[in-house]
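K.L.:
Just so you know, we're using the working numbering here: the sequence shown kicks off at 4 and counts up by one.
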Amino acid sequence: MRIKEKIRKIKNRLIDSKFLFTHSHLMRNMVESIEDELISQNGKKDDILYISFYPTGGFGDYIISSKLLDEISQIVPCKIDVYCENVTFGKAVYEGREKVEIFPINTFYSQMWKYDLALKVEHFIHIEKQNANKIAKINPIFMDKLNKLGHGYRTYYPDVEQQWFRENIHFRRCEIKGINRWTELSHEGIFKIEDQKTWIPMREEYKKRLQELGLNEKKYITLNRGADSMGRSKMQTKVWPLEHYNDFVVLFKNQYPDIEIVQVGASGNAKIRGVDKYILGESLEVTKWILKGSILHLDCEGGLVHLATQLDTKCAVVFGPTPKHFYEYPQNINMVYEGCNNCMGTHPEWAFECYKGLSEPECMYKVTPEIVMKNIKSYMDSIRKEEK
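(1) Does Arg387 come out as helix, strand or coil in the three-state DSSP assignment?
(2) Classify Asp49: buried if its beta carbon has 16 or more other beta carbons within 10 angstroms, exposed otherwise.
(3) Is the beta carbon of Val1 sitting closer than 9 Å to the one on Leu188?
(4) Count the other C-beta atoms from every protein chain shown that fall within 10 angstroms of the C-beta of Lys291, then say buried if there are 16 or more, exposed otherwise.
(5) Assuming Phe111 and Tyr57 are in contact, meaning their beta carbons sit under 8 Å apart, how far apart are those beta carbons, in whole angstroms?
(6) Report buried or exposed for Glu304, applying the criterion of at least 16 other Cβ atoms within 10 angstroms of its Cβ.
(7) According to the neighbour-count rule (16 or more other Cβ atoms, all chains shown, within 10 Å of its Cβ), is Lys317 buried or exposed?
(8) Just to confirm my understanding: we take Ile78, look at its own chain, exclude 5 residues before and 5 after, and list those with CB closer than 6 Å. What are they?
(9) So, is Ile138 buried or exposed, given that buried needs 16 or more other C-beta atoms within 10 angstroms?
(10) Given 8 Å as the limit, is there contact between the region 160-171 and the region 57-71, that is, 3 or more CB pairs closer than that?
(11) Three or more C-beta pairs closer than 8 Å, one from the region 238-257 and one from the region 201-212: is that the case here?
(12) Keeping to the same chain, check which residues put their C-beta closer than 6 Å to that of Glu88; ignore five residues upstream and five downstream.
(13) Within 10 angstroms of the Cβ of Gly284, are there 16 or more other Cβ atoms? Answer buried if so, exposed if not.
(14) Please classify Pro364 as buried or exposed, where buried requires at least 16 other C-beta atoms within 10 Å of its C-beta.
(15) Taking all protein chains shown into account, decide if Asn272 is buried (16 or more other Cβ within 10 angstroms of its Cβ) or exposed.
(16) According to the neighbour-count rule (16 or more other Cβ atoms, all chains shown, within 10 Å of its Cβ), is Ile42 buried or exposed?
(17) Strictly under 9 Å for the Cβ-Cβ distance: is Asn345 near chain D by that measure?
(18) Taking all protein chains shown into account, do 16 or more other C-beta atoms lie within 10 angstroms of the C-beta of Val163, making it buried, or fewer, making it exposed?
(19) On the DSSP letters alone, give me the boundaries of the beta strand (DSSP E) that Ala273 sits inside.
(20) How do the region 356-373 and the region 334-343 stand: do at least 3 beta-carbon pairs fall below 8 Å, yes or no?
(21) Below 7 Å CB to CB, which residues in the same chain sit around Trp353 once its five sequence neighbours on both sides are set aside?
(22) For Gly268, count neighbouring Cβ atoms within 10 angstroms of its own Cβ and tell me buried if that reaches 16, exposed if not.
(23) Would you tell me roughly how many angstroms separate the C-alpha atoms of Ile298 and Thr225, rounded to the nearest one?
(24) Note the first and the last residue of the continuous alpha helix (DSSP H) segment covering Gln214.
(25) Is the beta carbon of Ser55 sitting closer than 9 Å to the one on Asp84?
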């Protein structure tokens with residue numbers, strides 16, 4: 004009897020499983036209907052979309068993703084909550100936009116039920132949740148874009164499990180098509196992202212800090228030597244060597260003794276020898292104003308380059324592992340060692356270990372201080388001519 008009872012229970016479970024599988028779309032619709040009712044009861048309006056927006060990556064990625072957020076805001080009436088792994092970065096980029104609020108990432112998934120649309124943004128735009136009926140009712144064109152986005156995954160999303168290898172394939176495809184880090188978010192024309200410019204909030208109350216730092220009415224350039232550590236204790240390979248920065252300072256001071264050199268960046272960054280002012284660990288809001296007043300910013304590819312460029316400050320950028328064709332801004336001075344570069348995604352540890360096993364990666368060490376001075380000379384001389 005026990006065996007017969009067990010067999011009966013198994014059969015019943017199979018029937019239940021078959022029902023759920025066969026009618027899964029009905030179950031999904033029922034859940035979405037309940038969610039919609041809960042949203043309605045929560046005081047949500049029927050004529051605007053409530054969107055949850057999760058930008059991944061570092062500070063530069065936040066800046067680039069804001070371009071997509073702004074376009075969505077223009078397409079459809081909406082209220083957007085931005086969920087950030089780094090809230091300080093999020094506030095520095097997204098704050099000040101109408102109907103946009105910043106939240107910590109911890110509750111992105113647990114609060115998703117409240118929203119009509121939930122998006123996760125990296126090199127690809129992932130639709131985590133959508134209320135198709137409401138979106139289509141408010142803006143059918145926007146719903147069509149989301150449908151195209153979902154269907155397009157089959158052609159533009161590499162079916163590769165490892166993120167590093169998947170991105171490597173994606174970057175190669177973008178190079179062939181002439182797509183950069185910004186225009187990739189258009190997803191083959193679904194969104195109209197045509198340039199590399201976005202709005203950055205500037206808070207006037209932080210501008211007075213320039214006077215306290217002695218930078219008001221001063222001519223200066225800025226240097227940064229640092230990058231996201233990704234939880235590691237060592238520097239990424241894409242960072243220009245400290246000794247190169249030290250030698251650059253000597254060369255620059257000999258050529259332009261009337262221009263001060265200011266080092267910005269995180270408080271834990273190693274100090275570059277010979278600079279005039281160390282402004283390390285300053286808030287991002289103050290750093291914005293420092294970069295805005297800088298004649299030139301020297302750095303590796305990273306967040307402060309993206310920020311400075313949005314503030315119309317010329318940057319001299321040394322590229323190494325990261326692909327120049329993908330991350331460069333044409334108005335900047337972009338330098339790369341042609342003999343070895345662009346190994347991003349070729350192996351799991353590309354960000355911290357040279358694929359050739361070199362302790363001094365050629366891509367960075369062979370872009371010497373003399374090469375940097377030669378590349379910035381024309382621009383720096385033009386600045387001097389304007390002052391005369």
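Built from N, CA and C at the ideal position, the CB exists for glycine as well.
Small disclaimer: the values here were computed from a predicted structure and weren't measured.
P.N.:
Reading off the structure:
(1) Position 384 of the sequence shown, counted from the first residue, corresponds to residue 387. Helix at Arg387.
(2) By 1-based counting over the sequence shown, the position of residue 49 is 46. Classification of Asp49: exposed, given that the 10 Å Cβ count is below 16.
(3) Not covered by the structure: residue 1. The range shown for the chain is 4 to 391.
(4) Stepping through the sequence shown from its first residue, residue 291 is reached at position 288. Looking at its Cβ environment, which holds 16 or more other Cβ atoms inside 10 Å, Lys291 is buried.
(5) Position 108 of the sequence shown holds residue 111. Position 54 of the sequence shown holds residue 57. Confirmed, Cβ separation roughly 5 Å.
(6) Taking the sequence shown and counting its residues from 1, the one referred to as residue 304 is at position 301. Buried, because 16 or more other Cβ atoms sit within 10 Å of the Cβ of Glu304.
(7) For the purposes of this step, residue 317 is taken as the residue at position 314 of the sequence shown. Under this definition Lys317 is a buried residue.
(8) Within the sequence shown, the letter at position 75 stands for residue 78. Once the five neighbours on either side are set aside, the close Cβ partners of Ile78 are Phe145.
(9) Taking the first residue of the sequence shown as 1, we reach residue 138 at position 135. Ile138 is buried by the Cβ-count criterion.
(10) no
(11) no
(12) For the purposes of this step, residue 88 is taken as the residue at position 85 of the sequence shown. So the list reads Ile108, once near-sequence residues are dropped.
(13) Counting from one through the sequence shown, the residue named residue 284 turns up at place 281. Exposed: under 16 other Cβ atoms inside 10 Å.
(14) Counting from one through the sequence shown, the residue named residue 364 turns up at place 361. By the 10 Å Cβ count, Pro364 comes out buried.
(15) For the purposes of this step, residue 272 is taken as residue 269 along the sequence shown, with counting starting at 1. Flag for Asn272 reads buried.
(16) Stepping through the sequence shown from its first residue, residue 42 is reached at position 39. Because the pLDDT of Ile42 is 49, which lies under 50, any placement of that residue in the model is unreliable, and the question is left without a value.
(17) Annotation note: the requested chain D is absent from the structure, which comprises a single protein chain.
(18) Translated into positions along the sequence shown, residue 163 becomes position 160. Its Cβ having fewer than 16 others within 10 Å, Val163 is exposed.
(19) Counting from one through the sequence shown, the residue named residue 273 turns up at place 270. Note, Ala273: premise wrong, no beta strand (DSSP E); not H, not E.
(20) yes
(21) The count along the sequence shown starts at 1 and reaches residue 353 at position 350. Correct list, in chain order: Trp167, Pro324, Cys346, Met347.
(22) As a working mapping, residue 268 is identified with position 265 in the sequence shown. By the neighbour-count rule (16 or more Cβ atoms within 10 Å), Gly268 is buried.
(23) Translated into positions along the sequence shown, residue 298 becomes position 295. Translated into positions along the sequence shown, residue 225 becomes position 222. C-alpha separation (whole angstroms): 8 Å.
(24) Within the sequence shown, the letter at position 211 stands for residue 214. Note, Gln214: alpha helix (DSSP H), 212-215.
(25) Position 52 of the sequence shown holds residue 55. Position 81 of the sequence shown holds residue 84. Going by C-beta atoms, Ser55 is nearer than 9 Å to Asp84.
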